[in-house]
Structures are given as structure tokens and as C-alpha cells.
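Student: For reference, the structure I am asking about is given below.
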Amino acid sequence: MAAANSSSRPADAPLRSLIPARIDRMPWSGFHTKMIAALGCAWILDGLEITVASSVTSILTQEDTLGLSSSEAGLIATVYLVGQVTGALFFGRMADRFGRRKLFLLTFGVYLFGSGMTALTYGQGPSWDAYLYLTRFVAGTGIGGEYAAINSAIQEMMPARFRGRVDLLVNGTYWAGAIVGTLAELMILAYFDDTVAWRIGFLLGPVLGFSVLFVRRHLPESPRWLIMNGREAEAEAAIGRIEEAVRRHGKKLPPVDEKDAIEISESAHSTYVTLLRVLFREYPKRAVLASTLMITQSFLYNAIFFTYTLVLTTFYGVSAASAPMYLLAFAAGNLLGPIVLGPLFDIVGRRWLIAGTYLFSGCALAVTASLFAANVLTATTQTVAWCVIFFFASAGASSGYLTAGEIFPLEVRGKAIALFFAIGQAAGATGPYLYGWLIGDGSNRGRLYVGFLVGAIIMVIGGLAETFLGVDAERKPLESVAKPLSVVRTSVGAARRRTVRKLRKPGERPGAPPGAGTPPGVEQPPGGAPGAGAEAPPGAGTGVPPVAGVREAAEAGAALGSGPVEPEPAALPDEASKATPGATPDGTAAEAKDNNDPDPGDEPTADTPAV
440 MAAANSSSRP ADAPLRSLIP ARIDRMPWSG FHTKMIAALG CAWILDGLEI
490 TVASSVTSIL TQEDTLGLSS SEAGLIATVY LVGQVTGALF FGRMADRFGR
540 RKLFLLTFGV YLFGSGMTAL TYGQGPSWDA YLYLTRFVAG TGIGGEYAAI
590 NSAIQEMMPA RFRGRVDLLV NGTYWAGAIV GTLAELMILA YFDDTVAWRI
640 GFLLGPVLGF SVLFVRRHLP ESPRWLIMNG REAEAEAAIG RIEEAVRRHG
690 KKLPPVDEKD AIEISESAHS TYVTLLRVLF REYPKRAVLA STLMITQSFL
740 YNAIFFTYTL VLTTFYGVSA ASAPMYLLAF AAGNLLGPIV LGPLFDIVGR
790 RWLIAGTYLF SGCALAVTAS LFAANVLTAT TQTVAWCVIF FFASAGASSG
840 YLTAGEIFPL EVRGKAIALF FAIGQAAGAT GPYLYGWLIG DGSNRGRLYV
890 GFLVGAIIMV IGGLAETFLG VDAERKPLES VAKPLSVVRT SVGAARRRTV
940 RKLRKPGERP GAPPGAGTPP GVEQPPGGAP GAGAEAPPGA GTGVPPVAGV
990 REAAEAGAAL GSGPVEPEPA ALPDEASKAT PGATPDGTAA EAKDNNDPDP
1040 GDEPTADTPA V
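Numbering (my numbering) for the sequence shown: 440 to 1050.
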């Protein structure tokens, strides 16, 4: 099914397209599985990268390696985090400007280059230290850019009924990387000398990821991004490739009705100024929601994850050599959460699942904090408790990226994800330092107990924000969740209804055509005649508006790029109306069928049906 008006459309005329509807209603196929594998590996490598960097920190302080001080070694993680924020903001804008595909190829290449160059740090001294930090910064920018480009691509190319679970699964695979990194580093440290082991650790990511780069090269550009940028022929080719892959797997493509077409006009490329205007003028509540979810989950995770082994060794007497085994259990709980709970975000709904996971993890953390303060937990029971807590918290944290991506217009989606990621990371960066100070020398459990309660309250705040500000985006087209900035209208029927409402005069019956109502105070004779002995006005009793209204309706339809507004056969009251071009019945029945196009000023998610 081709996009309408593709080759013969004038350059300045709006474009009608069914491509978003074809994506949203598409059945699952091998293409979608391939896409998850090719794009989701970024989070696996991110988890691996951070785990390896944490594991080799003590090794890099040895004189026979890089001879760093403890503070210099700790700065490696900070520089990597700063790189992530910088990369997200920089590449997020580029993803909206140049496309998702170009960016998820570029950002992955930047990560591979930066991480590989870290392993080539061969000397000591200020110059080599600067080189080390520079390469970690470069690797961080690549991974940060991945967050914006990949989340955008996944949300725009996944069928609507699978979008939530897929996004959670991809973001949750970070913990698969943490597991792989922990096991790999344990083996590397056991079989290789320290002077070589740390280099192999930093080379793991590039070696594992290099082959994935070739798989990504065969993925198409987001058809949604192409069509919004006026590149309709390329969009049709991209969606054709995806549909052909679906057919090869024996799946049948569902029919798509013309009423589901959206009509757009190519707009200027957006900037961060455009994004801020959208956030503060059009979606201020959604901006508060996204920032709250990202800040709360980032603070909790950075606080607990980066001090996890310190709690075990300080309060429970676990040896440094055994601590990674506890970390494996912790990571497994975090990985299972998005996998098991992910489908419920599409079935039960976003609002209740996101709020529920945040509230449960916050309340459970408060209970665990009380048990910790009472000194009734062991290293094993503490780990089990945290596994249960973060089973739910992990699904909630991953949903933060899902929310930031799908509740804002396509033209600023990459920048929105990047901005809220940066806000969350900036706030979360304070967690490790604060909790490290609270842990201290392990002599005062009360201080860390207060810290755990603070983390619990923060997660509860995130859950309450979702409860009152959440957007019910499950199984809905992205264009109905947040109307793109370039959309003229989302269906032909919606434009017809708006025109009728403008032409209707006070006192006319709702649901009646303009000009067909009976003035207030005038008694209508039996049979519906306009009046005894009176000459009926043009169109009276036929459902046809006066001539002036016809002309205005036709001109309004032409201005929207679809020509004169044609009547809907099912809504015509009699045969006489067929003779009047541009007749505009109210279309109440059509409005019940086609309510994915809210009127200007309506909340974008209002009365939008599930797909």
C-alpha cells in the first residue's frame, strides 16, 4: 500500500501517508527480532564497560600498571559519565536532524574506537593520564548517543502493541552486560597477569561489538522519520523492506484503512530551543513527569549499585574476592524484571505498571532499611532483599526511557530522550558520593539507614508522579500519543468535522448539518416542513448547507491539501445532497470511528482508542 500523493504531489502541498498505521499494526516477525539483537547490544556493552572499569580500578593503582592514585582511578568513572551526558545531548540532536540509522552507526563506531584506544594506554605520567581520560570520555559519548538514537528507532519501528515490552527489554539488557562483564573479568584476572588483564577487559567491548556493526548496516532508516522529513519515496522503500520480511516469515499483513492516514507538511529542522518551547508551552506536565522518573531511578541506581560491594565488605565482612559473586545475583534480579514484567506494560497499561513498580520498590526498600538498621540481615539475605526490590525497580527504571521517548513529538524525540537522560544522570551522579560518605568506616548503621529511607522516598515520589501525570500510551500510535509538529491533520474525517463545527451557527442541533437547524422559539410543523407557506432556504430539509457554507467548506478542504471536502455516503440524509459538491454532514458516526485526531487544543491522548 503506497503513500498517497507520492510522486505527483506539489512540493509545497501536504503529504498523506499510511506508513505510521502500517508500522503500528504490523505482526511480529524475524525483522523485529533482528532489530532488537542489533540495537539492544549497546546496553549489554554499556553494562560490560562499567563493570569492567569498576573491576580493574584497583589494578590501575599498582605501580606495574598505570600507577594511578585512588582518586585518579575513581575519576575514570566520572569522566565516562560526563562523556555519556555530552554524547547524549550532542548526538540526540543529530539523530533528529540526520536520522536514526546514521546515528546508531556513528555512535556505536565512536564507542568502539574510544574503548579500544583505552587499552593502548602504555605509560605513566600526566600526558598518559590525560590520554586515558580522553579515551574514556570518547567511549562515554558513543554510549550516551546510543541512548537517544536507539530508543528513538525502536519506538518508531515497533508495532504499537509490542512497543512497551521491547523498549523495557532492550534497556534492561544493561544487566546482561554486567553479568557478562563480571564473569569475564573474574576469568581474565584468574588466568592473566594484572598488567595484561586490564587491557583485555577494555578490549572485550570492541571485540564483541565489532561484528554487530555489520548487522546494523543492514537495518533500514525509521520510515516515520523519513516521512516526517518529506522523503516519502525512501520511506516507502524502507517500509516495503520490513513488510517483505514479514511476508517471508509467513505472516499476513493486516489491512489499513484510509481513515488512518496522517497528513503532514515538511517542517524546518528542530533545535533544543524547539524542544524547550514544546516542553514548556505544550507539554509542561509531561516534562515534569519525564524528569521525575529519570531523576528518581538514576539516583537510586547509582547510589546502590556503585556502593553495593562496599556495603557487603564493610558491614557484612564479605571479602573483596567474593563480592562479585553477590553482584551476579543482584544483576540477575535486575535483568529478570524487565523480561518478566515487560509484557504487562502493554497489556495492563503504562500508568499502573510504572507507578506500581516505583511504589513497590520504594516501600520495600524502606522495609529493608529497617531490617538493616536492626542488624537482622546477613550478606545473603541482604542480597536476596535487594534482588526482589530491584526486580521491580529495574522495570520501572527502564520505563523511564520509554516514557521520555513516546510522549513527545517525533521531531524532538531524540533530543527529548537525550535531555532527560542528561538530567537523570546529573542528579544520579550525586548518589555514589553521598552513600559512600554515609557508609564511612561501617561503625554507624544509622547514617546509612537514613540514606536508604531517602532513596525509598525518592522512588515513592516517582511513583506518585506517574499516578497523577502518567500518559496512557499503551498500544496506541505514537502520533496519537504526541502529535508530530509537522502534522496538518491525522485523518480526512477529522478535517471535515472541524470544518462543520466552524460553520455551525448558534442554536443549530448538534449532529445536524450547518444551516439545517430550527431557530429557537420557532415551532416546527408536523413532517419537518420549515414552515407553512414559507419558501425553504437552499438546502433546508435536505441536510445540505447553504451555498456560502459549501464554498467555505470546499475552500477549507483545499487549504488542507485534500481538495474539496467530500461527503460521506453513510451520513447523507437523502439523494438530493449528492448533487451538491462539498456537502459537509456532521460526521458524528465517523467521529466515533476515527477519534485519533484530537481537535486543536485537546490533550493529545484524549479519546484515543487502543490499537
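Ideal Cβ positions, reconstructed from N, Cα and C, are used throughout, including at glycine.
(1) Would you kindly report the start and end of the unbroken beta strand (DSSP E) that includes ILE701?
(2) Rounded to whole angstroms, what's the CA-CA distance from GLY584 to VAL518? Just pull it up for me.
(3) Can you look up LEU877 in the DSSP assignment and give me helix, strand or coil?
(4) Quick test of your reading: ALA812 and TYR755, contact by CB under 8 Å. State the CB separation rounded to the nearest angstrom.
(5) Going by DSSP in three states, SER919 sits in which element: helix, strand or coil?
(6) So GLY648 and LEU551 are supposed to be a Cβ contact under 8 Å. How far apart are they, rounded?
(7) Just the C-alpha distance for LYS541 and PHE529, rounded to the nearest angstrom, thanks.
(8) Look at the alpha carbon of ALA857 and the alpha carbon of LEU798, and state the distance between them as a whole number of angstroms.
(9) Short check: CB of ALA674 to CB of ARG663, under 9 Å?
(10) Measuring only the C-alpha atoms, how far is GLY863 from ALA527?
(11) Within this structure, are the beta carbons of VAL757 and THR748 separated by less than 9 Å?
(12) Whole angstroms is fine: what's the gap from PHE576's alpha carbon to LEU643's?
(13) How many angstroms separate the CA atom of ILE896 from the CA atom of LYS691?
(14) How close, in whole Å, do the beta carbons of GLY881 and THR753 come, if the pair is a contact with beta carbons under 8 Å?
(15) So the candidates are THR731, ALA684 and GLN821; which of them puts its Cα closest to the Cα of ILE462?
(16) Checking 9 Å against the spacing of the C-beta atoms, do LEU924 and VAL712 come in under that value?
(17) Using only the alpha-carbon positions, how far apart do SER497 and ARG725 sit?
(18) Give me the residue from MET474, SER554 and PHE470 with the minimum Cα distance to ALA492.
(19) Is any heavy atom of the ligand GTP found at a distance shorter than 8 Å from the C-beta of PHE576?
(20) Using a 10 Å radius around the Cβ and a threshold of 16 neighbouring Cβ atoms, would you call ILE786 buried or exposed?
(21) Can you round the beta-carbon distance between PHE829 and PHE769 to whole angstroms, since I take them to be within the 8 Å contact cut?
(22) For the segment 774-782 against the segment 864-872, are there 3 or more C-beta pairs whose distance is under 8 Å?
(23) Compare the Cα-Cα distances from ILE593 to each of ASP633, ARG655 and LEU573 and report the closest residue.
(24) Nearest to GLY469 by CA position, among SER809, PHE547, ALA587 and MET597, is which residue?
(25) Assuming ALA588 and PHE543 are in contact, meaning their beta carbons sit under 8 Å apart, how far apart are those beta carbons, in whole angstroms?
(26) At the level of alpha carbons, what is the spacing between ILE793 and GLU905?
(27) Which of the three DSSP states is assigned to ARG455 in this structure?
(28) Quick one: what does DSSP say VAL815 is sitting in, helix, strand or coil?
(29) From SER456 to ALA477, what does the alpha carbon distance come to, in whole angstroms?
(30) Can you give the Cα-Cα distance for ASP485 and TYR630, rounded to whole angstroms?
(31) Evaluate SER838 with the Cβ neighbour count: other Cβ atoms within 10 Å of its Cβ, from every protein chain shown; 16 or more gives buried, anything less gives exposed.
(32) Can you check DSSP and say which residues form a bridge with VAL926?
(33) Drop a sphere of 10 angstroms on the beta-carbon of GLN1057, count the other beta-carbons inside from all chains shown, and report buried for 16 or more, exposed for fewer.
(34) Assuming LEU728 contacts GLU845 (C-beta within less than 8 Å), just tell me the rounded distance between them.
(35) Could you tell me the alpha carbon to alpha carbon distance between ALA742 and GLY513, rounded to whole angstroms?
(36) Is TYR840 buried or exposed, if buried means 16 or more other CB atoms sit within 10 Å of its CB?
Tutor: The relevant details are as follows:
(1) 701-703
(2) Each residue's alpha carbon lies about 15 Å from the other.
(3) helix
(4) Taking 8 Å as the upper bound for CB-CB distance, ALA812 and TYR755 are not in contact here, some 14 Å apart.
(5) Correct three-state label for SER919: helix.
(6) 6 Å
(7) The straight-line gap from Cα to Cα measures roughly 14 Å.
(8) Computed Cα separation, rounded: 25 Å.
(9) yes
(10) 12 Å
(11) yes
(12) A straight line joining the alpha-carbon of PHE576 with that of LEU643 spans about 18 Å.
(13) Whole-angstrom Cα-Cα distance: 48 Å.
(14) That belief holds up - the Cβ atoms of GLY881 and THR753 are roughly 4 Å apart, short of 8 Å.
(15) Closest by alpha carbon: ALA684.
(16) no
(17) 43 Å
(18) SER554
(19) Because no ligand of any kind appears in the structure shown, any question about the ligand GTP cannot be addressed here.
(20) exposed
(21) 7 Å
(22) In the pairwise beta carbon analysis, the segment 774-782 is classified as not touching the segment 864-872: fewer than three pairs are separated by under 8 Å.
(23) Ranking the options by Cα distance to ILE593, first place goes to ARG655.
(24) MET597
(25) 4 Å
(26) Near 7 Å, if we compare the C-alpha coordinates of GLU905 and ILE793.
(27) strand
(28) coil
(29) 28 Å
(30) 24 Å
(31) buried
(32) ILE703
(33) This structure does not reach residue 1057, given that the chain is present from 440 up to 1050, and the question cannot be answered.
(34) That belief does not hold up - the Cβ atoms of LEU728 and GLU845 are roughly 12 Å apart, past 8 Å.
(35) 15 Å
(36) buried
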